[in-house]
Amino acid sequence: MADIHPTALVSPQAVLGKDVQIGPFCILHEGVVLGDRVRIDAYCELGVPTPLADGSPLIIGDDAWVRSHSVFYTASRFGEKLVTGHRVTVREHTVAGKNFQIGSLADIQGDCTIGDYVRFQSQVFVGKKTTIGNFVWALPHVVFTNDPTPPSHVLDGPTIEDYAVLAAMAVILPGVRVGRHALVAAHACVTRDVAPFTAVAGVPATVLGPTRAIHRRDMPGASAYPWPAHFRRGYPEEICAQWDTEFAGQGAA
Amino acid sequence: MADIHPTALVSPQAVLGKDVQIGPFCILHEGVVLGDRVRIDAYCELGVPTPLADGSPLIIGDDAWVRSHSVFYTASRFGEKLVTGHRVTVREHTVAGKNFQIGSLADIQGDCTIGDYVRFQSQVFVGKKTTIGNFVWALPHVVFTNDPTPPSHVLDGPTIEDYAVLAAMAVILPGVRVGRHALVAAHACVTRDVAPFTAVAGVPATVLGPTRAIHRRDMPGASAYPWPAHFRRGYPEEICAQWDTEFAGQGAA
Amino acid sequence: MADIHPTALVSPQAVLGKDVQIGPFCILHEGVVLGDRVRIDAYCELGVPTPLADGSPLIIGDDAWVRSHSVFYTASRFGEKLVTGHRVTVREHTVAGKNFQIGSLADIQGDCTIGDYVRFQSQVFVGKKTTIGNFVWALPHVVFTNDPTPPSHVLDGPTIEDYAVLAAMAVILPGVRVGRHALVAAHACVTRDVAPFTAVAGVPATVLGPTRAIHRRDMPGASAYPWPAHFRRGYPEEICAQWDTEFAGQGAA
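Those sequence lines, one after another, are chains D, Z and S.
Be aware that the first sequence starts at 722, since it is given in the numbering used here, and climbs by one per residue.
Be aware that the second sequence starts at 722, since it is given in the numbering used here, and climbs by one per residue.
Be aware that the third sequence starts at 722, since it is given in the numbering used here, and climbs by one per residue.
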């Protein structure tokens, strides 16, 4: 049984899974398909229609939690366990994997591809045609751009490979590829490709060195990267077991 | 006939043009004048009263579209065809020309002068007393400041001339003038005036060279600037015809 | 008598002081305690429950004004005369002093300690465990970070001492201490401690010199810092009288 607040406006065409919760003052348009146990908090608008969509609905998988004041357009698709902050915006034609976490005020412009277990923190901006792998972190105020000579008709979104970490207020320029397990420092402007397992910093960003040379503060002498060797909060057991093997012996003092 | 959602709270003193649409959960205060065919989406609050206003209303011209969760104060004025993203804030005493496009989460502090066909993308911050010409672009997270020695009583907003482009996360310092057709690169901090047709980058920003030396990605050998030589999306035919003459032969390979 | 808009949803367990105003479409959960004459504008949600809280309520002191679309969790506490912009988010376990002003779209992640008369402007992001003194200014898009090697279990928020000023888009890295009366220039990335009365700029930030060498624009030859020698807007008389003594003879031409 869905638990729909009496002030919410829910289209009879919206498709709701089992035990869905819809908060006060929400608006669900017709192009919405919610999985089981999805929770939508107050003032959210889901399934905003747009001529840029092709008639396909917004699909949000099981066990999602969308916090208040968020806006999702039609024609995007999220795997299970989506979690958002407040006032998130997601436009059409974005496909994201499971357990995507989107921080407050993040703005995803659409036409993006996003892997599993990705973490965006607050006020991240994602231009169209951005491609993001699995286990990527984007910290507050990170911006992904896509037009090399604005304004133009070129849409050349960046590509962020698995496990890469982009620290606060980093800007990723169009067409740039950030390699697996790379680290972009806070306030960096990344103008060219970053090699895997490499740290960059500055405006424009230059190479600091291999990420393994960066040490943990809570275990002196141990490498902070690759981070899955020591950081596990919020990941399921089967992923952690896999990481135990894959990153064995790394990150130790 | 206005189409007002039954949940909207509309002051009987608000002045609505023909065929206006007011979405669910909107609030229109008394100091609001909307042109014909204006569309206001859900959760917007228009005409927020403030002692800083002089009793003059918020005026939004014909054919505007204000997306959800936006907030406009009294005593600002917009020409026809305003288009906003979600959660835009505009305070009092801002005057903007026609076809102004404001991205999601933009925050315009008031007392600003903005020309025709200006484009702000997401999360742009505009301090008081900023002056912006026609056809200017400000990309995501651009910030216009106004206090040279904060905090002080000096309000010295920057001036951005026609056709200038400010790329993502650029900061424009107080009193700076960015010349016609200039380009400010992503993540630049502009501390002094930028000459017309000049590109700058860095923190603090230094001159890269003339903008005409920057080439298009979709037509090698052709200049990307001045951009109206090749980029026309969203501008009316009469403007494009004028640009055909004004920028003839520029931007070709 | 409280003035509660008929569309507002107010828990009977919420504790409201005298002459409180609650705007349209607000939601007040049970864990809310509001002082006298508090004004909450439209679309605000107060007392959002979270398992991270310990059962203690959100407490907002007398004479506060929370502007529309803001979200406050339980288990935070604000002194008298809080003023917010629109769409502010404050999570649990933040304690702030009196007359705190928070700009629109600011996001305070919780577990922060904030002094009296602090001013945050728009889109400021405050990571957990940030410590901020009295009379501090953070201008638009300032970001306080807390994880030296993201992602990790270390939460090492920065400390900002009394009267420090952080200009637009400055990033303060984890564990950094910004000294009393220091100035961080716009777009700086502060990677190490800043001495009191010192100005820094750049990415990474380097020392510009003593703040007293920076002159006012409205009184040539006079120092702009320490700013309380000449800037008084919005501070109560008893504070200004104290500053007359403490900063006598400083800031004069």
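Heads up, the beta-carbon is just placed ideally off N, CA and C, and yes, glycines get one too.
Remember, it's a predicted structure, so these values are computed and weren't measured experimentally.
Of the residues Z:GLU751, Z:PRO872, Z:SER797, Z:THR866, which one's Cα is nearest the Cα of S:ARG954? Z:PRO872
Per DSSP, which one or two residues make a beta bridge with S:ARG898? S:THR880
Close beta carbons around D:VAL928, own chain, < 7 Å, minus the five adjacent residues each side: THR919, VAL921
So Z:VAL924 contacts chain D; which residues on that side make the cut at Cβ distance below 7 Å? VAL924
How many Å lie between D:VAL886 and D:ALA827 at the Cα? 17 Å
I think Z:ARG808 touches Z:SER825, with their Cβ atoms under 8 Å apart; what is that distance to the nearest whole Å? 6 Å
Buried or exposed: S:PRO778, going by 16 or more other Cβ atoms within 10 Å of its Cβ? buried
Counting along the chain, where does the alpha helix (DSSP H) carrying S:THR966 start and finish? 958 to 967
Look up S:ASP724 in the DSSP assignment and give the residues it is bridged to. S:GLN742
Span of the beta strand (DSSP E) around S:TYR794: 792 to 794
Using 8 Å as the threshold, is the region 757 to 766 of chain S in touch with the region 753 to 761 of chain Z, meaning 3 or more CB pairs across them? no
If we define contact as Cβ-Cβ less than 9 Å, is D:ARG808 a contact residue for chain Z? yes
Does any residue of chain Z bring its CB to less than 9 Å from the CB of D:GLU751? no
Answer with yes or no whether the minimum CB distance from D:PHE846 to chain S is below 9 Å. no
Outcome for Z:MET722 when other beta-carbon atoms lying within 10 angstroms are tallied against a minimum of 16: exposed
By DSSP's criteria, D:CYS910 is part of a beta bridge. Which residues make up the other side? D:VAL892
Using the C-alpha atoms, what's the distance from Z:ALA889 back to D:PRO869? 11 Å
Within chain D, the residues that Z:TRP948 reaches when beta carbons sit closer than 9 Å: THR870, PRO871, PRO872, SER873
N-terminal and C-terminal residue of the beta strand (DSSP E) that Z:THR927 is part of: 927 to 931
9 Å is my cut-off, CB to CB: does S:TRP786 come that close to chain Z? no
By how many angstroms is the C-alpha of D:THR912 removed from the C-alpha of Z:VAL892? 18 Å
Chain D residues whose Cβ lies nearer than 7 Å to that of Z:PHE746: PHE746
From the DSSP output, which residues share a beta bridge with D:ASP828? D:THR810, D:PHE846
Step through the CB atoms of chain Z and report whether any lies within less than 9 Å of the CB of D:GLN830. yes
Counting C-beta neighbours from all protein chains within 10 Å, is the total for D:GLN734 16 or more, i.e. buried, or is it exposed? exposed
For S:LYS802, which residues of its own chain have a beta-carbon under 6 Å away from its beta-carbon, when the five flanking residues on both sides are left out? ASP784, LYS819, ASN820
Does any residue of chain Z bring its CB to less than 9 Å from the CB of D:GLU766? yes
Please classify D:LEU904: is it buried, with 16 or more other beta-carbons within 10 angstroms of its beta-carbon, or exposed? buried
CA nearest to the CA of Z:GLY1037, picked from Z:HIS874, Z:ILE780, Z:GLN830, Z:GLY923: The structure shown does not extend to residue 1037 of chain Z, since chain Z is modelled only from 722 to 974, so the question has no answer here.
Start-to-end residues for the beta strand (DSSP E) that takes in S:THR815: Element bounds for S:THR815: n/a, residue is neither H nor E.
Coarse secondary structure for S:ALA950, derived from DSSP in three states: helix
Counting only beta-carbon atoms, is S:HIS726 nearer than 9 Å to chain D? no
Can you name the residues of chain D whose CB is closer than 7 Å to the CB of S:VAL864? PRO861, HIS862, ALA889, MET890
Which class does D:ALA920 belong to by DSSP, given the choice of helix, strand or coil? strand
For chain Z, check one thing: does any of its Cβ atoms lie closer than 9 Å to the Cβ of D:VAL839? no
Given D:THR834 as reference, the closest of D:ALA859, D:THR880, D:VAL863 once Cα atoms are compared: D:THR880
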